[in-house]
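**Q**
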Amino acid sequence: EAQVTQNPRYLITVTGKKLTVTCSQNMNHEYMSWYRQDPGLGLRQIYYSMNVEVTDKGDVPEGYKVSRKEKRNFPLILESPSPNQTSLYFCASSPDRAERGNQPQHFGDGTRLSIL
Amino acid sequence: SQQGEEDPQALSIQEGENATMNCSYKTSINNLQWYRQNSGRGLVHLILIRSNEREKHSGRLRVTLDTSKKSSSLLITASRAADTASYFCARTSGNTGKLIFGQGTTLQVKP
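Chain order of the listed sequences is E and P.
Count the first sequence with the working numbering and you get residues 1 to 116, in order.
Count the second sequence with the working numbering and you get residues 1001 to 1111, in order.
Here it is as structure tokens:
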């Protein structure tokens, strides 16, 4: 089944304790990105990747890191999480960077992070 | 704000009725997409309409796009309880692939 898989789905942790949210897609998609969803602010892009070893900042990259060493994986790293990073996070992918603006994106089921 | 506006914010209807949601945006678009989000789940793509298209259908869904008014609408006909969800319009612009989402419309379909 074609899917984007995020882990963990839920995490409660404390300020400053490094964490990684994994994202994996099995559709051989070139484009992947991370969004966070907050009440009243909607979904905002954190980082995106057009292909392996190519990543770039979205609208709200502060406090996050990403890597794209393999096509299928795009982990989101919070080196020193803070309470303002408490949010619902989504990973998304789409097929072809040449058509990246004109293709639907496939979303994971989300990761709910609570930073105390 | 880059984000579009969706209207209404919340909509409650009876099963079998039609539901219409509207989306407005401020800048030029390559395309406009509609997504559904069930409670606690990820977003599911419904329809993509390109800037040179005016109307598109998919099953019980009908999307219109008026680029002169910078607006789009999503019509769900003969709604079902399973249509209860939040619906978002999203646009891409430029070539980064970034989706810019509206605030969403929460639809409740009562059995």
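Here a beta-carbon is modelled for each residue, glycine too, at the ideal position from N, C-alpha and C.
Is the beta carbon of P/Ile-1029 closer than 9 Å to that of P/Ser-1012?
**A** no
**Q** For E/Ser-67, collect the residues of the same chain with a Cβ closer than 8 Å to its Cβ; drop the 5 residues on either side in sequence, then sort them by chain order.
**A** Thr-55, Phe-74, Pro-75 and Ile-77
**Q** Rounded to a whole number of angstroms, what is the C-alpha to C-alpha distance between P/Gln-1002 and E/Pro-81?
**A** With a pLDDT of only 49 at P/Gln-1002, under the threshold of 50, the placement of this residue in the model should not be trusted, and no figure is reported.
**Q** Could you please tell me which residues of the stretch 81-93 of chain E, in chain order, have their CB closer than 7 Å to any CB of chain P?
**A** Phe-90
**Q** Using three-state DSSP, classify P/Asn-1031 as helix, strand or coil.
**A** strand
**Q** Please go through the same chain and pick out, in chain order, the residues whose beta-carbon is closer than 6 Å to the beta-carbon of E/Lys-71, but skip the five residues on each side of it.
**A** Val-52
**Q** Taking the runs of the beta strand (DSSP E) that are 3 residues or longer, which of them lie wholly in the stretch 37-79 of chain E?
**A** 42-51, 54-57 and 76-78
**Q** Quick check: what's the CA-CA separation for P/Ala-1090 versus E/Lys-17?
**A** 34 Å
**Q** Spell out whether any CB of chain E is found under 9 Å from the CB atom of P/Gln-1009.
**A** no
**Q** Within 10 Å of its beta-carbon, does E/Pro-8 have 16 or more other beta-carbons around it, so buried, or fewer, so exposed?
**A** By the 16-neighbour rule on beta-carbons within 10 angstroms, E/Pro-8 is exposed.
**Q** List, in chain order, every chain E residue whose beta-carbon is nearer than 9 Å to that of P/Gln-1108.
**A** Those do not exist, as P/Gln-1108 stays about 18 Å from chain E at its closest Cβ, beyond 9 Å.
**Q** From the DSSP output, in three-state form, read off P/Ala-1078 for me.
**A** coil
**Q** In chain order, what residues of the same chain lie with their CB nearer than 8 Å to the CB of E/Leu-43, ignoring the 5 residues before and after it?
**A** Tyr-35, Arg-36, Gln-37 and Phe-90
**Q** Would you mind reading off the limits of the beta strand (DSSP E) that contains P/Gln-1014?
**A** 1010-1014
**Q** Please work out which residues of its chain come closer than 8 Å, Cβ to Cβ, to P/Thr-1092, disregarding the five sequence neighbours upstream and downstream, and give them in chain order.
**A** Non-local C-beta neighbours of P/Thr-1092 in its own chain, meaning closer than 8 Å and more than five positions away in sequence, comprise Ile-1029, Asn-1030, Asn-1031, Gln-1033, Lys-1098, Leu-1099 and Ile-1100, ordered along the chain.
**Q** Could you tell me the distance, in whole angstroms, from the CA atom of E/Asn-102 to the CA atom of E/Val-21?
**A** Our two residues, E/Asn-102 and E/Val-21, have alpha carbons roughly 27 Å apart in a direct line.
**Q** In chain order, what residues of the same chain lie with their CB nearer than 7 Å to the CB of P/Val-1109, ignoring the 5 residues before and after it?
**A** Ile-1013, Glu-1015, Ser-1079, Arg-1080, Ala-1081, Asp-1083 and Thr-1084
**Q** Is P/Asn-1095 helix, strand or coil by DSSP?
**A** coil
**Q** Going by the beta-carbon positions, is the gap between P/Glu-1006 and P/Gly-1102 smaller than 9 Å?
**A** yes
**Q** Between P/His-1045 and chain E, is there a C-beta pair that is closer than 9 Å?
**A** yes
**Q** Between P/Arg-1062 and the rest of its own chain, which residues show a CB-CB distance below 6 Å, the 5 nearest in sequence each way excluded?
**A** Leu-1075
**Q** Report the option in E/Gln-45, E/Lys-69, E/Leu-116 and E/Leu-88 whose CA atom is closest to the CA atom of E/Glu-62.
**A** E/Gln-45
**Q** With H, G and I counted as helix, E and B as strand and the rest as coil, what does DSSP make of P/Gln-1103?
**A** Collapsing the DSSP output to three states places P/Gln-1103 in coil.
**Q** Taking only beta-carbon positions, decide if E/Asn-51 is within less than 9 Å of chain P.
**A** no
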